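Have a look at this one:
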C-alpha cells in the first residue's frame, strides 16, 4: 500500500512542478507583454503630447500674427493647413524675411494639406500647379489671388500632353489623379467608390512656365506622385536658387536619385517631416534645422 502512496506522491510532485513551471513561464510572458504595452502606451502618449504641443505652437504664432496684423491677407485668413505641419516649419524659416515667391505643384484644392496657404496669407505671391481639372478649379475659387495652372510638370523641353487617370470620389470621397496606376490600385479605388476617367493634360517644364512670370522662386513644393525628379530636370536650380525645397518621398530608389540630383547643385537633405523631405543650401542648413526642430518631441 505504501508503494501506491509513493507513486501518487510522485505523480502529484511532478504535476505540481509542471503547474508551477507553466505558471512561471506564463507569468513571464504576461509580464513581458505588459511591459511592452506599457512602453507602447508611453510612446503613444509621447506622440499625442507632441501633437498637442505643436498645435499650441501654431496657436501662439497665429496670435502673434493677428496682434501684429502682418501681411496683406486679401481673401485669405491666417491658418496652418499642411498635412504634417510643414507650414509651421516654413513659418519659422521665413517669418522674419520679406514676402517671396512660391511654386506648389500638386496643389490639390488649394487649402487641404496646402504647404503655401499661410505664405500667401502673409503676403507671398505664387503659382499653383494641379493637373486634375476639378481640383484646379477649386484652387482658383479658394485662392483667387494666386495664379493656377491646370498642367503637369515635365522635364526640359517638355511639350504636348500626357494621359492622366482621374478618380473622382463618391460621396465623401476626394478626387485623385495619377499618370500610372496598378490594377491593384485601381481596384482599391473602385472599392472605395471612385469612378474613373482618362483625360489629356498639357505638360510643360517649370522653366518654360516661369519664363514670363518671375525671376525668383523662394520656395518650391513638389507632390506629384513620383514624378518629382522629372519636374526638377525641367527647373533651372542654379538660376532660381530657391531657399527651400519640399519634396514628397517615394520610399524607393527614386528618393536617393533625387537627393543626389539636387545635391549636385549644393542642396542638402535637412530633415523629413511626414512623407516629405526638406532641402536647402548649405548656408541655410542651421536655420532650417532649427525650424524643423519646432516639430521635434525632443524639444524642451
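In our numbering, the protein residues as written are 49 to 348. For glycine and all other residues, C-beta sits at the position ideal for the given N, C-alpha and C. Being a predicted model, the structure only gives us computed values, none of them experimental.
Kindly indicate the opening and closing residues of the beta strand (DSSP E) around residue i.
{"i": "residue 276", "result": "Residue 276 -> not in any beta strand (DSSP E); alpha helix (DSSP H) instead, spanning 276-281."}
{"i": "residue 294", "result": "292-296"}
{"i": "residue 173", "result": "173-177"}
I need the DSSP call for residue i, collapsed to helix, strand or coil.
{"i": "residue 323", "result": "coil"}
{"i": "residue 191", "result": "coil"}
{"i": "residue 311", "result": "helix"}
{"i": "residue 329", "result": "strand"}
{"i": "residue 169", "result": "helix"}
{"i": "residue 182", "result": "helix"}
{"i": "residue 206", "result": "coil"}
{"i": "residue 139", "result": "helix"}
{"i": "residue 200", "result": "strand"}
{"i": "residue 317", "result": "strand"}
{"i": "residue 262", "result": "coil"}
{"i": "residue 161", "result": "coil"}
{"i": "residue 112", "result": "helix"}
{"i": "residue 117", "result": "coil"}
{"i": "residue 130", "result": "coil"}
{"i": "residue 105", "result": "helix"}
{"i": "residue 300", "result": "coil"}
{"i": "residue 96", "result": "helix"}
What does DSSP give as the partner residue(s) for residue i in the beta ladder?
{"i": "residue 212", "result": "247"}
{"i": "residue 269", "result": "152 and 294"}
Enumerate in chain order the residues of its own chain whose CB-to-CB distance from residue i is below 6 Å, with the five nearest sequence positions on each side excluded.
{"i": "residue 285", "result": "313"}
{"i": "residue 195", "result": "175"}
{"i": "residue 198", "result": "181 and 184"}
{"i": "residue 150", "result": "164, 167, 172, 174 and 267"}
{"i": "residue 310", "result": "327"}
{"i": "residue 264", "result": "149"}
From the options, pick the residue whose C-alpha is nearest to that of residue i; which is it?
{"i": "residue 290", "options": "323, 146, 327 and 244", "result": "327"}
{"i": "residue 316", "options": "165, 147, 334 and 199", "result": "334"}
{"i": "residue 192", "options": "211, 159 and 95", "result": "159"}
{"i": "residue 205", "options": "236, 241, 254 and 145", "result": "254"}
{"i": "residue 239", "options": "215, 210, 305 and 153", "result": "215"}
{"i": "residue 103", "options": "130, 299 and 156", "result": "130"}
{"i": "residue 294", "options": "245, 134 and 111", "result": "134"}
{"i": "residue 246", "options": "98, 167, 210 and 264", "result": "210"}
{"i": "residue 301", "options": "329, 277 and 292", "result": "277"}
{"i": "residue 244", "options": "161, 212, 267 and 150", "result": "212"}
{"i": "residue 256", "options": "235, 283, 308 and 271", "result": "283"}
{"i": "residue 116", "options": "95, 264, 337 and 170", "result": "170"}
{"i": "residue 189", "options": "124, 344 and 161", "result": "124"}
{"i": "residue 144", "options": "113, 98 and 161", "result": "113"}
{"i": "residue 154", "options": "265, 242 and 187", "result": "187"}
{"i": "residue 343", "options": "202, 73, 59 and 99", "result": "99"}
{"i": "residue 288", "options": "161, 202, 148 and 76", "result": "148"}
{"i": "residue 341", "options": "242, 101, 272 and 177", "result": "101"}
Which residues bound the alpha helix (DSSP H) around residue i?
{"i": "residue 338", "result": "333-340"}
{"i": "residue 124", "result": "Taken as a continuous stretch (DSSP letters only), residue 124 belongs to no alpha helix (DSSP H), as it is neither H nor E."}
{"i": "residue 286", "result": "285-288"}
{"i": "residue 258", "result": "254-258"}
Excluding sequence positions up to five away, which residues of its chain have a Cβ less than 8 Å from the Cβ of residue i?
{"i": "residue 208", "result": "250 and 251"}
{"i": "residue 320", "result": "297 and 326"}
{"i": "residue 106", "result": "128, 133 and 136"}
For residue i, which residues from the same chain have a beta carbon less than 7 Å from its beta carbon, with the 5 sequence-adjacent residues on both sides left out?
{"i": "residue 305", "result": "277"}
{"i": "residue 274", "result": "298 and 302"}
{"i": "residue 141", "result": "292, 335, 336 and 339"}
{"i": "residue 109", "result": "139"}
{"i": "residue 330", "result": "314 and 316"}
{"i": "residue 203", "result": "253, 278, 281 and 282"}
Check whether the Cβ of residue i sits closer than 7 Å to any heavy atom of the ligand MN, and report yes or no.
{"i": "residue 310", "result": "Absence of the ligand MN from the depicted structure is noted, as is the absence of any ligand whatsoever, leaving it without description."}
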